[in-house]
Amino acid sequence: MSDQKRLFLVDAYALIFRGYYAFIKNPRINSKGEDTSAIMGFMNSLLDVIKRERPDHLAVCFDKGGSVDRVEMFEAYKANRDETPEGIKTAVPYICEILKAMHIPIMVKDGYEADDVIGTLAKKAEKQGYKTFMVTPDKDFAQLVSENIFMYRPVFGGGYETWGIPEVQKKFEVTDPLQVIDFLGMMGDASDNIPGLPGVGEKTAKKFIAQFGSMEGLLANTDQLKGKMKEKVEANGELGLLSKQLATIMLDVPVEFDAKDFEMSEPDIPKVTEIFQELEFRRLIDNFLKTFASEAQPATNNTPATPEKAAVKATPKEQASAGAGQFSLFGGNPSTEPESISEHARKTAENTSHFYQSVASGMATKLFVKNLMNQTSVCFDTETTGLNPLTAELVGIAFSWEAGKGFYVPFPEDKAEAQELIEILRPFFESETIQKIGQNLKYDIKVLRKYNIKVKGKLFDTMLSHYLINPDMRHNMDVLAETYLNYTPISITELLGKKGKNQLSMRDVPLEKQTEYAVEDADITLQLKEHFEKELGEANTQKLFDEIEIPLLRVLADMELEGINLDTAFLNSLSEDLNNDIANLEKRIYEAAGEAFNIASPKQLGIILFEKLKLVDKPKKTKTGQYATSEDILSYLAKDHEIIQNILDYRGLAKLKSTYVDALPLQVEASTGRVHTDYMQTVAATGRLSSNNPNLQNIPIRTERGRQVRKAFVPRNEDYTLLAADYSQIELRIIAALSEEETMIEAFKNGEDIHASTASKVFNVPLAKVTREQRSNAKTVNFGIIYGVSAFGLSNQTDLSRNESKELIDTYYKNYPKLRNYMSELVDFARDHGYVQTVLGRRRYLKDINSRNAVVRGAAERNAVNAPIQGSAADIIKIAMINIYKKLQEGNYKTKMLLQVHDELVFDVYKPELEAMKTLIKTEMENAFTLKVPLDVELDIGDNWLEAH
Numbered sequence: 025m026s027d028q029k030r031l032f033l034v035d036a037y038a039l040i041f042r043g044y045y046a047f048i049k050n051p052r053i054n055s056k057g058e059d060t061s062a063i064m065g066f067m068n069s070l071l072d073v074i075k076r077e078r079p080d081h082l083a084v085c086f087d088k089g090g091s092v093d094r095v096e097m098f099e100a101y102k103a104n105r106d107e108t109p110e111g112i113k114t115a116v117p118y119i120c121e122i123l124k125a126m127h128i129p130i131m132v133k134d135g136y137e138a139d140d141v142i143g144t145l146a147k148k149a150e151k152q153g154y155k156t157f158m159v160t161p162d163k164d165f166a167q168l169v170s171e172n173i174f175m176y177r178p179v180f181g182g183g184y185e186t187w188g189i190p191e192v193q194k195k196f197e198v199t200d201p202l203q204v205i206d207f208l209g210m211m212g213d214a215s216d217n218i219p220g221l222p223g224v225g226e227k228t229a230k231k232f233i234a235q236f237g238s239m240e241g242l243l244a245n246t247d248q249l250k251g252k253m254k255e256k257v258e259a260n261g262e263l264g265l266l267s268k269q270l271a272t273i274m275l276d277v278p279v280e281f282d283a284k285d286f287e288m289s290e291p292d293i294p295k296v297t298e299i300f301q302e303l304e305f306r307r308l309i310d311n312f313l314k315t316f317a318s319e320a321q322p323a324t325n326n327t328p329a330t331p332e333k334a335a336v337k338a339t340p341k342e343q344a345s346a347g348a349g350q351f352s353l354f355g356g357n358p359s360t361e362p363e364s365i366s367e368h369a370r371k372t373a374e375n376t377s378h379f380y381q382s383v384a385s386g387m388a389t390k391l392f393v394k395n396l397m398n399q400t401s402v403c404f405d406t407e408t409t410g411l412n413p414l415t416a417e418l419v420g421i422a423f424s425w426e427a428g429k430g431f432y433v434p435f436p437e438d439k440a441e442a443q444e445l446i447e448i449l450r451p452f453f454e455s456e457t458i459q460k461i462g463q464n465l466k467y468d469i470k471v472l473r474k475y476n477i478k479v480k481g482k483l484f485d486t487m488l489s490h491y492l493i494n495p496d497m498r499h500n501m502d503v504l505a506e507t508y509l510n511y512t513p514i515s516i517t518e519l520l521g522k523k524g525k526n527q528l529s530m531r532d533v534p535l536e537k538q539t540e541y542a543v544e545d546a547d548i549t550l551q552l553k554e555h556f557e558k559e560l561g562e563a564n565t566q567k568l569f570d571e572i573e574i575p576l577l578r579v580l581a582d583m584e585l586e587g588i589n590l591d592t593a594f595l596n597s598l599s600e601d602l603n604n605d606i607a608n609l610e611k612r613i614y615e616a617a618g619e620a621f622n623i624a625s626p627k628q629l630g631i632i633l634f635e636k637l638k639l640v641d642k643p644k645k646t647k648t649g650q651y652a653t654s655e656d657i658l659s660y661l662a663k664d665h666e667i668i669q670n671i672l673d674y675r676g677l678a679k680l681k682s683t684y685v686d687a688l689p690l691q692v693e694a695s696t697g698r699v700h701t702d703y704m705q706t707v708a709a710t711g712r713l714s715s716n717n718p719n720l721q722n723i724p725i726r727t728e729r730g731r732q733v734r735k736a737f738v739p740r741n742e743d744y745t746l747l748a749a750d751y752s753q754i755e756l757r758i759i760a761a762l763s764e765e766e767t768m769i770e771a772f773k774n775g776e777d778i779h780a781s782t783a784s785k786v787f788n789v790p791l792a793k794v795t796r797e798q799r800s801n802a803k804t805v806n807f808g809i810i811y812g813v814s815a816f817g818l819s820n821q822t823d824l825s826r827n828e829s830k831e832l833i834d835t836y837y838k839n840y841p842k843l844r845n846y847m848s849e850l851v852d853f854a855r856d857h858g859y860v861q862t863v864l865g866r867r868r869y870l871k872d873i874n875s876r877n878a879v880v881r882g883a884a885e886r887n888a889v890n891a892p893i894q895g896s897a898a899d900i901i902k903i904a905m906i907n908i909y910k911k912l913q914e915g916n917y918k919t920k921m922l923l924q925v926h927d928e929l930v931f932d933v934y935k936p937e938l939e940a941m942k943t944l945i946k947t948e949m950e951n952a953f954t955l956k957v958p959l960d961v962e963l964d965i966g967d968n969w970l971e972a973h
């Protein structure tokens, strides 16, 4: 390795914006409602650079006040940029505070951009013999690259790439990196509002560079140009020179490079940890400590819990983004580090007073149960041999009814003895008067059902309660404990070891450790319950919790335990058919391409479509420079190019085969012979359920082959039939009722075809003369309105042009004025209150609704309209599920509710009960909630789900 010292200069805002938008679909919101996405994204990137490169010298460079010189040159410079999102504005002070605590210099100069600060420092460091790496994705920095100055670019999907002179030459097709300035000046930059030469894009700029060498060379030789291009270049020569000047990074900013000031030094670990704790960055604390702590001094007290534990406690669980191995970035004796860390550590079992006791068998257990039965509210938590509740066996059960105290009842491995022990505990579980508390109680209920135990009485699930209080945050126990109790529970990895063949089973763990781990979970969950009980009332969601989510928990547990029968022989046959279909498509694609290639490789596919076949003049590219071949891009081109439609079909069939046709038979539970999905109540912020292992809610229904998969789901035996009950256009009915749009309400009341009725209104034709195409376009608008469809989006989904789409949307709103007013009212309500709510009071918080950034605000406004509609539909079907389940239990029917797929319920109906079930199911679903529009349910039966759908 070279002895040459290395300086890393970080472009702060480039990484802050990148971090913020990386989380834009799933923002990181803490318990205070703060958007911490930008801080987390930036810090992850910074720590990644430090771990990967272990730089000798490092600084982070910021803009301040913009570029005074460039604005003087060109008043419109950067004038078209959106307002900086609030999430970034509030992030910067925190980031600066963290950098100061890490003793990393912040380089900023009023009136200059970070580009200029970095350029000046890089050139000064180069003169002092340093190798400088500019950490930024911004291509403008390529102009600074030299033998000792490099770009260190984060790439899409993770990792970094280094651009030296050869990389810049190849990327920009230049001989000298300085020509990048000419390239940028010629083509301009829309994001910075640099005008460039009119009509000159990337390809033309590269051609001019190759031919003339520079902007000045081009302007001196316009006689070699032809036609309109010659006219444009000659007429805009001064604009071109101005653009080149605007694109030139300044190298004379009044900042100095004093090597000592830039040396990596030991951070103030307690201070950084304190800031991260305030922001609720549990994983980042671990990542930071691993990055800076010595290998000899691991920070055990601050290690967050790992996925294994939370998978038992709560699904889903975010995978920990643990960093690379630990190392010391600073010299000296690190023995003082643990003391510094522990002073600011969270509470743990090691530093918190508690009394956790295991209960011996025999008389001790009987005395314990006697005490247990005297309680009014108890938290319990099962410890098992695995994560699958259908096969997991009890290892022990923890109980707690007083903070800091609890008991653990270990279970014998022998099944008969285990059953004897659970019988002693049965009175507690089946007591109607003792409240049962837990985290992800559905798992525990399903485990206990294997032992023929039904958990009765009032329930309180901390995961569900937190979901209603703060739906956008994660809900697993470790996160909740650290966020609300400042407590870090014992890690499951600490107990069992890392995943793999050497990982222990819970049965292998000594009883003392089992007791600490299990009772701690029950104790912490009990404490969380006390916290959330108050907040449910404050958020006005107590009724939703008591009357919808908790009763639904029991319904879902039964549905999941029941499972559904699967015709695996049919799927095996379908798999062979798909193989043939895929092979035929593959052959046609190769023939059209003129060669064989890997269709599944985006890189190879892009080269075939856009370089060899040249299907598009200016194809889009990804951040890595590859041609973009995502489904939305290809779908737009499919109607004009048969090869692209064949590629989309190929992808669809390949995904169908791997995700469902081949995967479903492997997910049949050996002990039941059925497929058991897991319904999650705490994933979708709108209140919708999600399905996992396997996901039965995403089986395609728009394609013939996709629909065939449903044919594999069959009744339990010949005495049963499948019945599917589907809410007809429930979201349209809800928006019509809530907006009080009389025309739509009347159409629904009269039983009209709502899409034909809409088409009649917007196309101004009699109902009887509505064409199929008009109805189809009206249907697209009807459903698109709920999701904020634009003219561009509508034209992509139909054969209408963008202008025709705009006219159709405008006409739609003219015919349904109350609908538009209602949507505006929803947005206004969200702006005033920070949330919107469903008909049952389920809240969707919209922190960006008042953002000055148009893109961010637009997404929040669409959610403001969509969430009450989609969420109300979710609430209504949940009520129907609870009521139907109750009637099935009361009537002691053999019929079972098996699946919920958005607006549809699927039942395994005992044939002698069929007529009674049709009446019961339709009645309960249509009367689950009263709106100004009648709810309508369509019923179908069949020997498989496809027939019944």
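Counting from 25, one number per residue, gives the positions in the sequence shown under the numbering used here. Glycine is no exception: its CB is placed at the ideal position from the N, C-alpha and C atoms. Predicted model only: the values in this text are computed from it and were never measured.
For cysteine 85, count neighbouring Cβ atoms within 10 angstroms of its own Cβ and tell me buried if that reaches 16, exposed if not.
-> It counts as buried.
Taking all protein chains shown into account, do 16 or more other C-beta atoms lie within 10 angstroms of the C-beta of methionine 921, making it buried, or fewer, making it exposed?
-> When all chains shown are included, methionine 921 counts as buried.
Start-end ranges of the alpha helix (DSSP H) lying completely within the stretch 77–105, minimum 4 residues | Within the stretch 77–105, the complete alpha helix (DSSP H) runs of at least 4 residues are 92–97.
Would you decide whether threonine 186 is buried or exposed? Buried here means 16 or more other CB atoms lie within 10 Å of its CB.
-> Per the 10 Å Cβ criterion, exposed.
So is serine 625 in contact with chain D if we call contact Cβ pairs under 7 angstroms?
-> Absent from the structure is chain D; it holds one protein chain and no more.
Quick one: grab the DSSP three-state call for glutamine 459.
-> Three-state DSSP puts glutamine 459 in a strand.
From this set, Gly57, Pro724, Thr517, Gln28, which residue's C-alpha is nearest arginine 498's C-alpha?
-> That would be Gly57, whose Cα lies nearest to the Cα of arginine 498.
Run through DSSP, which three-state label would asparagine 774 get?
-> The DSSP-derived three-state label of asparagine 774 is coil.
Considering only the beta carbon of each residue, do tyrosine 846 and valine 786 sit closer than 7 angstroms?
-> No, Cβ-Cβ distance for tyrosine 846 and valine 786 is not below 7 angstroms.
Assuming isoleucine 461 contacts phenylalanine 484 (C-beta within less than 8 angstroms), just tell me the rounded distance between them.
-> Between phenylalanine 484 and isoleucine 461 the Cβ distance is about 5 angstroms, and since that is below 8 angstroms, they are a contact.
Serine 382 (DSSP reduced to helix, strand or coil) = DSSP places serine 382 in strand when its eight states are reduced to three.
Which residues in the same chain have their Cβ closer than 7 angstroms to the Cβ of threonine 327, if we skip the five residues on either side of it in sequence?
-> In this prediction, threonine 327 scores a pLDDT of 31, lower than 50, which makes its location untrustworthy; no coordinate-derived value is stated.
Provide the residue span of the beta strand (DSSP E) that contains proline 434, from first to last.
-> It spans 429–434 - the beta strand (DSSP E) in which proline 434 sits, taken as one unbroken run.
Determine, using beta carbons only, whether serine 829 and leucine 843 come nearer to each other than 7 angstroms.
-> For serine 829 and leucine 843, no; Cβs fall outside 7 angstroms.
Could you spell out the range, first to last residue, of the beta strand (DSSP E) harbouring asparagine 589?
-> Residues 588–590.
Element boundaries [beta strand (DSSP E), containing phenylalanine 157] | That run of the beta strand (DSSP E) goes 155–159.
To the nearest angstrom, how far is it from the Cα of leucine 963 to the Cα of serine 763?
-> Rounded to the nearest angstrom, the two C-alpha atoms are 28 angstroms apart.
Would the stretch 725–735 and the stretch 609–618 be scored as touching if the rule is three or more Cβ pairs under 8 angstroms?
-> No, the stretch 725–735 is not in contact with the stretch 609–618.
Go through its chain and collect everything with a Cβ distance to glutamate 439's Cβ below 8 angstroms, but skip five positions before and after it.
-> The question names glutamate, but residue 439 in the sequence shown is lysine. Here the set comprises Glu417.
Excluding the 5 residues preceding and the 5 following tyrosine 811 in the sequence, name in chain order all residues of the same chain whose CB lies nearer than 7 angstroms to its CB.
-> Closer than 7 angstroms at Cβ, skipping near neighbours: Arg886, Asn890.
Quick one: residues in its chain with C-beta nearer than 6 angstroms to the C-beta of valine 794, no 5 flanking neighbours on either side, listed in chain order?
-> The residues are Ala780, Ala783, Ser784.
Between the CA atoms of glutamine 821 and lysine 910 - distance to the nearest angstrom = Lysine 910 and glutamine 821 have their C-alpha atoms roughly 42 angstroms apart.
Distance between glycine 428 and arginine 307 (C-alpha atoms, nearest Å) = Their Cα atoms are separated by approximately 26 angstroms.
Where does glutamine 821 sit, in a helix, a strand or coil, going by DSSP?
-> It is helical.
Got a sec? Which residues, its chain only, sit under 7 angstroms from alanine 338 by beta carbon, not counting five neighbours each side?
-> A caution first: alanine 338 carries a pLDDT of 31, below 50, which makes its placement in the model unreliable, though a value can still be read off. Hits under 7 angstroms: Gln463, Asn464, Met487, His499, Asn500, Met501.
Spatial distance of serine 695 from cysteine 403 (CA atoms) | Distance between the alpha carbons of serine 695 and cysteine 403 is about 30 angstroms.
Nearest neighbour of valine 933, chosen from Arg740, Ala897, Glu454, Leu609 [CA to CA] = When Arg740, Ala897, Glu454, Leu609 are compared, the shortest CA-CA separation from valine 933 is found for Arg740.
Under the three-state DSSP convention, the category serine 366 falls into = Caution is warranted here: a pLDDT of 32 is assigned to serine 366, below 50, making its placement in the model unreliable, and the coordinate value is therefore given only provisionally. Shown here, serine 366 sits in a helix according to DSSP, grouped into three states.
What does a CB cutoff of less than 6 angstroms around glutamine 691 pick up in its chain, not counting 5 residues either side in sequence?
-> By the criterion of a C-beta distance shorter than 6 angstroms, glutamine 691 is surrounded in its chain by Val699, Pro718, once the five residues flanking it on both sides are discounted.
Beta-carbon proximity check, asparagine 217 vs tyrosine 101, cutoff 7 angstroms = The answer is yes: Cβ separation under 7 angstroms.
Put threonine 745 into one of helix, strand or coil per three-state DSSP.
-> Strand.
Give the secondary structure of glutamine 924 by DSSP, where H, G and I count as helix, E and B as strand, and everything else as coil.
-> Glutamine 924 falls in the strand class under three-state DSSP.
Could you check where the beta strand (DSSP E) with glycine 966 kicks off and where it finishes?
-> Per DSSP, glycine 966 is one residue of the beta strand (DSSP E) stretching across 961–966.
How long is the line joining the alpha carbons of glycine 676 and tyrosine 614, rounded to whole angstroms?
-> Straight-line Cα distance between these residues: approximately 17 angstroms.
Does the stretch 248–268 touch the stretch 125–137, meaning 3 or more C-beta pairs lie closer than 8 angstroms?
-> These segments do not touch.
Should methionine 97 go down as buried or exposed, given a rule of 16 or more other Cβ atoms within 10 Å for buried?
-> The residue in question, methionine 97, is exposed, as its Cβ has fewer than 16 Cβ neighbours within 10 Å.
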